[in-house]
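Have a look at the structure below, then the notes.
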Amino acid sequence: MEPLLSVRDLTVTFGSFTAVDRVSFDLHEGQTLAVVGESGSGKSVTALSIMRLVELGTRGKIENGEILFRQPGGEVIDLVQQREDDMRKIRGNAISMIFQEPLTSLNPVYPVGDQVAEAVMLHQGLGKAEAAERVLEMFRLVRIPEPEKRMVQYPHEMSGGMRQRVMIAMALSCDPKVLIADEPTTALDVTIQAQILGLMRDLREQTGAAVLIITHDMGVVAEVADDVVVMNRAKVVEHGSAVDIFENPTEPYTQALLASVPRLGSMQGRSEPAPFELVEYDS
Amino acid sequence: MSAGTPLVEVRDLCKHFPVGAGATVHAVENVSLQVGRGETLAVVGESGCGKSTLAHTMIRLHEPTSGQVVLDGVDISGLGNRALREHRAKMQIIFQDPFASLDPRRPVGRAVAEPLLIHKIAKGPDADEQVADLFTRVGLEPDMMRQFPHQFSGGQRQRVCIARALATRPELVIADEAVSALDVSIQAQVINLMMELQSELGLSYLFISHDLAVVERMSHRVAVMYLGQIVEIGPRSAIFENPQHSHTQRLLDAVPIADPRARRDRPLLTDEIPSPVWAAGTSPERVELREVDPGHLVAAEG
Numbered sequence: 141m142e143p144l145l146s147v148r149d150l151t152v153t154f155g156s157f158t159a160v161d162r163v164s165f166d167l168h169e170g171q172t173l174a175v176v177g178e179s180g181s182g183k184s185v186t187a188l189s190i191m192r193l194v195e196l197g198t199r200g201k202i203e204n205g206e207i208l209f210r211q212p213g214g215e216v217i218d219l220v221q222q223r224e225d226d227m228r229k230i231r232g233n234a235i236s237m238i239f240q241e242p243l244t245s246l247n248p249v250y251p252v253g254d255q256v257a258e259a260v261m262l263h264q265g266l267g268k269a270e271a272a273e274r275v276l277e278m279f280r281l282v283r284i285p286e287p288e289k290r291m292v293q294y295p296h297e298m299s300g301g302m303r304q305r306v307m308i309a310m311a312l313s314c315d316p317k318v319l320i321a322d323e324p325t326t327a328l329d330v331t332i333q334a335q336i337l338g339l340m341r342d343l344r345e346q347t348g349a350a351v352l353i354i355t356h357d358m359g360v361v362a363e364v365a366d367d368v369v370v371m372n373r374a375k376v377v378e379h380g381s382a383v384d385i386f387e388n389p390t391e392p393y394t395q396a397l398l399a400s401v402p403r404l405g406s407m408q409g410r411s412e413p414a415p416f417e418l419v420e421y422d423s
Numbered sequence: 081m082s083a084g085t086p087l088v089e090v091r092d093l094c095k096h097f098p099v100g101a102g103a104t105v106h107a108v109e110n111v112s113l114q115v116g117r118g119e120t121l122a123v124v125g126e127s128g129c130g131k132s133t134l135a136h137t138m139i140r141l142h143e144p145t146s147g148q149v150v151l152d153g154v155d156i157s158g159l160g161n162r163a164l165r166e167h168r169a170k171m172q173i174i175f176q177d178p179f180a181s182l183d184p185r186r187p188v189g190r191a192v193a194e195p196l197l198i199h200k201i202a203k204g205p206d207a208d209e210q211v212a213d214l215f216t217r218v219g220l221e222p223d224m225m226r227q228f229p230h231q232f233s234g235g236q237r238q239r240v241c242i243a244r245a246l247a248t249r250p251e252l253v254i255a256d257e258a259v260s261a262l263d264v265s266i267q268a269q270v271i272n273l274m275m276e277l278q279s280e281l282g283l284s285y286l287f288i289s290h291d292l293a294v295v296e297r298m299s300h301r302v303a304v305m306y307l308g309q310i311v312e313i314g315p316r317s318a319i320f321e322n323p324q325h326s327h328t329q330r331l332l333d334a335v336p337i338a339d340p341r342a343r344r345d346r347p348l349l350t351d352e353i354p355s356p357v358w359a360a361g362t363s364p365e366r367v368e369l370r371e372v373d374p375g376h377l378v379a380a381e382g
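Residue numbers (our numbering), protein chains in the order written: chain Y, 141 to 423; chain R, 81 to 382.
Given below as structure tokens:
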């Protein structure tokens, strides 16, 4: 089957520094693909390049490569070649994104419901009343309790977990084909993280959107991903199904990464604490 | 584990913060615990449960509202500044963000030397020598003491903060989410270092963390906090293999399992933690702990 999104030989530089080096992967309809790596591996820059946000505000430059996206109509376009005007119609519409810190993504001086309504009024041309209906529907979808009350609240009146639900509601409000989630649960408590990951798995079934999740957390990868791209120092080092990556990692970097992941239950039957048995990795 | 008297004994410690209109945040409420010599006690719980406030109140970065903290047989909760300073050398703290804990304009060696000078442990060339030893001890090259914080990686900066904490030869080191901001491979290295230092120096750790998988690796005992109170405390194996309180269970259930075959379908919960703010004249009900096994205490649930 033809992929929904195909990143081919993507190279992104910041001045003389290469942040993403010939990265390729495909994302299919209904698939959840995780791009995993440590700080500075290039995973977030890859995500920002797909949205073409890497050139805005920063001095990032897409040097080489294609990002082929199959539009809802079936036509395949290269996002790298799109003009800013055209990208604006795609961003938040066919491809949307959620970030790590929902508080910095929401405007503090407007009620959250208005902010979600703005997205649907802008992209789908809905009127005010219809937009409000849509917001209510989206809040119910992401299981925000008492959605009518929550719509008129300001971001500071909500917990981190509720704010991230609002962001997900906003991202899904225009029925995107691709949802990019950059460390969506990193700033949340583990109990709230479990709620949000469960919600994301559930929503995939309900909406059919493909999900590209960017994370440093192998636990999160294991919880939600079908397939995994492992990045290190701007390059893809390993690419495979989640089960294969966890059970038979072939690359030394992946092996070293997995060896340092703390695993609940690994200490069963041992009375004293024990250090990690680290795998040496020479880059 | 702990021979004889514990290093630290906390009795009925409370820390309240006024928030206007007579309302009060009961951040820490009647907490009692002990930390043995050479032992790691982990304190776990969600954001806002009071675990960091507990640690800060124990070393009097916050003044306790009531209760005692006995360190090495001395109640430090009522000591004046001068007397407190002497005892502060015995207890040090490492914070989550090493970049925020170091002065960007001073070489890191100066940061490590400062406690030696303040506590009159060493000065001049002798202090330099001790700083070099401390750097070696935490796995850094002694030459690095002349460099500035921005020249280090996050893991190296946290090693500098550990070196600084060790300068006064403390008995208790509080690690307040000390490895939470580090990449997982660096986190594992820093945890291994902390465990090595513990066995070499006989340190006690109060390890504040939200990450239960890390806690399982490195602690001897675990305390679970909820809304300012301890709801369960006991040996690590009891907490992880035989959790009794629903809140402990809830925390354990939420930990992502690094095995895609073990994926579980979880109920889609939306519940949130209640507020720790109490109006004037009201206060939370005191949680009573009962012993279910030797050393394993659990709060009764209504």
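All C-beta atoms, glycine included, are put in the ideal place defined by N, C-alpha and C.
Query raised in the report: List, in order along the chain, the chain R residues whose C-beta lies closer than 9 Å to that of F157 of chain Y?
Result: The residue you call residue 157 of chain Y lines up with position 17 of the first sequence. Going along chain R, no residue has its Cβ under 9 Å from F157 of chain Y, so there is no contact; the nearest lies around 16 Å.
Query - Within chain R, partners of D367 of chain Y - CB distance below 9 Å - result: Taking the first residue of the first sequence as position 1, residue 367 of chain Y is located at position 227. Residues of chain R whose Cβ lies closer than 9 Å to the Cβ of D367 of chain Y do not exist; the shortest such Cβ separation is about 10 Å.
Report task. Confirm, please, whether the CB-CB distance from G308 of chain R to E109 of chain R is below 7 Å. Result -> Along the second sequence, read from residue 1 onward, the residue named residue 109 of chain R stands at position 29. Along the second sequence, read from residue 1 onward, the residue named residue 308 of chain R stands at position 228. The answer is yes: Cβ separation under 7 Å.
Query raised in the report: Looking at chain Y, which residues of the region 267-294 of chain R have a Cβ within less than 8 Å of any of its Cβ atoms?
Result: Here the close residues are Q267, A268, Q269, I271, N272, M275, E276, H290, D291, L292, A293 and V294.
Query raised in the report: For G359 of chain Y, is the classification buried or exposed, using 16 other Cβ atoms within 10 angstroms of its Cβ as the cut-off for buried?
Result: Here the question's residue 359 of chain Y lines up with position 219 in the first sequence. That one is buried.
Query - D315 of chain Y at chain R interface by Cβ criterion, 7 Å - result: Along the first sequence, read from residue 1 onward, the residue named residue 315 of chain Y stands at position 175. Chain R, which has no Cβ nearer than 7 Å to the Cβ of D315 of chain Y, makes this no.
Requested in this report: Kindly indicate which three-state DSSP category T465 of chain Y falls into: helix, strand or coil?
Outcome: Beyond the ends of chain Y as shown, which are 141 and 423, falls residue 465 of chain Y; an answer cannot be given.
Query raised in the report: What whole-angstrom Cβ distance do S181 of chain Y and N372 of chain Y have, given they're in contact under 8 Å?
Result: Position 41 of the first sequence holds residue 181 of chain Y. Position 232 of the first sequence holds residue 372 of chain Y. N372 of chain Y and S181 of chain Y do touch by the CB rule: their CB atoms are close to 5 Å apart, below 8 Å.
Report task. Measure the CB-CB distance between V351 of chain Y and L398 of chain Y and report whether it falls below 7 Å. Result -> What you label residue 351 of chain Y is simply residue 211 of the first sequence in a count that begins at 1. What you label residue 398 of chain Y is simply residue 258 of the first sequence in a count that begins at 1. It is not a contact, given that the beta carbons lie outside the stated cut-off.
Query raised in the report: L331 of chain R touches chain Y at which residues, Cβ-Cβ below 8 Å?
Result: Against the second sequence, residue 331 of chain R aligns to sequence position 251. Around L331 of chain R, the beta-carbon contacts reaching into chain Y at under 8 Å are V330 and T331.
**Report entry** Exposure label - L219 of chain Y; buried when at least 16 CB within 10 Å
**Finding:** Indexing the first sequence from 1 puts residue 219 of chain Y at position 79. Looking at its Cβ environment, which holds 16 or more other Cβ atoms inside 10 Å, L219 of chain Y is buried.
Query - CA-to-CA distance, V264 of chain R to T198 of chain Y, given in whole angstroms - result: Within the first sequence, numbered from 1, the residue matching residue 198 of chain Y stands at position 58. Within the second sequence, numbered from 1, the residue matching residue 264 of chain R stands at position 184. Distance between the alpha carbons of T198 of chain Y and V264 of chain R: 27 Å.
Query raised in the report: Going along chain Y, which residues have a C-beta under 7 Å from D339 of chain R?
Result: By one-based count along the second sequence, residue 339 of chain R stands at place 259. Neighbours of D339 of chain R on chain Y, chain order: A362 and F386.
Report task. For P315 of chain R, write down the residues that DSSP places opposite it in a beta bridge. Result -> For the purposes of this step, residue 315 of chain R is taken as the residue at position 235 of the second sequence. In the DSSP assignment, P315 of chain R is bridged to R:R301.
Query raised in the report: Quick one: what's got a C-beta closer than 6 Å to G300 of chain Y's C-beta in the same chain, skipping five residues either side?
Result: The residue you call residue 300 of chain Y lines up with position 160 of the first sequence. Only residues of its own chain outside the window of five on either side were considered, and among them L328 have a CB closer than 6 Å to the CB of G300 of chain Y, listed in chain order.
**Report entry** First through last residue of the beta strand (DSSP E) which encompasses Q172 of chain R
**Finding:** Walking along the second sequence from the start, residue 172 of chain R turns up at place 92. Looking at the DSSP string, the run of the beta strand (DSSP E) that includes Q172 of chain R is M171 to I174.
Report task. Examine chain Y for any beta-carbon lying closer than 7 Å to the beta-carbon of D177 of chain R, and answer yes or no. Result -> Along the second sequence, read from residue 1 onward, the residue named residue 177 of chain R stands at position 97. Answer no: the Cβ-Cβ gap between D177 of chain R and chain Y never drops below 7 Å.
Query raised in the report: Helix, strand or coil: how does DSSP classify P98 of chain R here?
Result: Looking up residue 98 of chain R in the second sequence gives position 18. DSSP places P98 of chain R within a strand segment (E or B) once states are collapsed to three.
Report task. Helix, strand or coil for N233 of chain Y, going by three-state DSSP, please let me know. Result -> Counted from its first residue, the first sequence places residue 233 of chain Y at position 93. Three-state result, N233 of chain Y: coil.
Query raised in the report: What residue does the beta strand (DSSP E) around T104 of chain R start on, and which one ends it?
Result: For the purposes of this step, residue 104 of chain R is taken as residue 24 along the second sequence, with counting starting at 1. Note, T104 of chain R: beta strand (DSSP E), T104 to V115.
**Report entry** Against chain R: residues of the region 388-404 of chain Y by CB proximity under 9 Å
**Finding:** Flagged, chain order: A396, L397, L398, A399, S400, V401, P402, R403 and L404.
Query raised in the report: When the Cα atoms are used, what is the spatial distance from H142 of chain R to V311 of chain R?
Result: Stepping through the second sequence from its first residue, residue 142 of chain R is reached at position 62. Stepping through the second sequence from its first residue, residue 311 of chain R is reached at position 231. Computed Cα separation, rounded: 23 Å.
Report task. Would you mind giving the Cβ-Cβ distance between L220 of chain R and V253 of chain R, rounded to the nearest angstrom? I have them listed as a contact below 8 Å. Result -> Within the second sequence, the letter at position 140 stands for residue 220 of chain R. Within the second sequence, the letter at position 173 stands for residue 253 of chain R. About 17 Å separates the beta carbons of L220 of chain R and V253 of chain R, which is beyond the 8 Å limit, so they are not a contact pair.
Query raised in the report: Looking at the C-beta of A334 of chain Y, does it have a partner C-beta in chain R at a distance below 7 Å?
Result: If you number the first sequence from 1, residue 334 of chain Y lands on position 194. Interface criterion met: the Cβ of A334 of chain Y is under 7 Å from a Cβ in chain R.
Requested in this report: Look up E148 of chain R in the DSSP assignment and say whether it is helix, strand or coil.
Outcome: In the second sequence, residue 148 of chain R corresponds to position 68, counting from 1. As written in the sequence, residue 148 of chain R is Gln, which differs from the Glu given in the question. Reduced to three states, the DSSP call for Q148 of chain R is strand.
**Report entry** Rounded straight-line distance, which links the Cα of I235 of chain Y to that of V185 of chain Y
**Finding:** Within the first sequence, the letter at position 45 stands for residue 185 of chain Y. Within the first sequence, the letter at position 95 stands for residue 235 of chain Y. V185 of chain Y and I235 of chain Y have their C-alpha atoms spaced approximately 16 Å apart.
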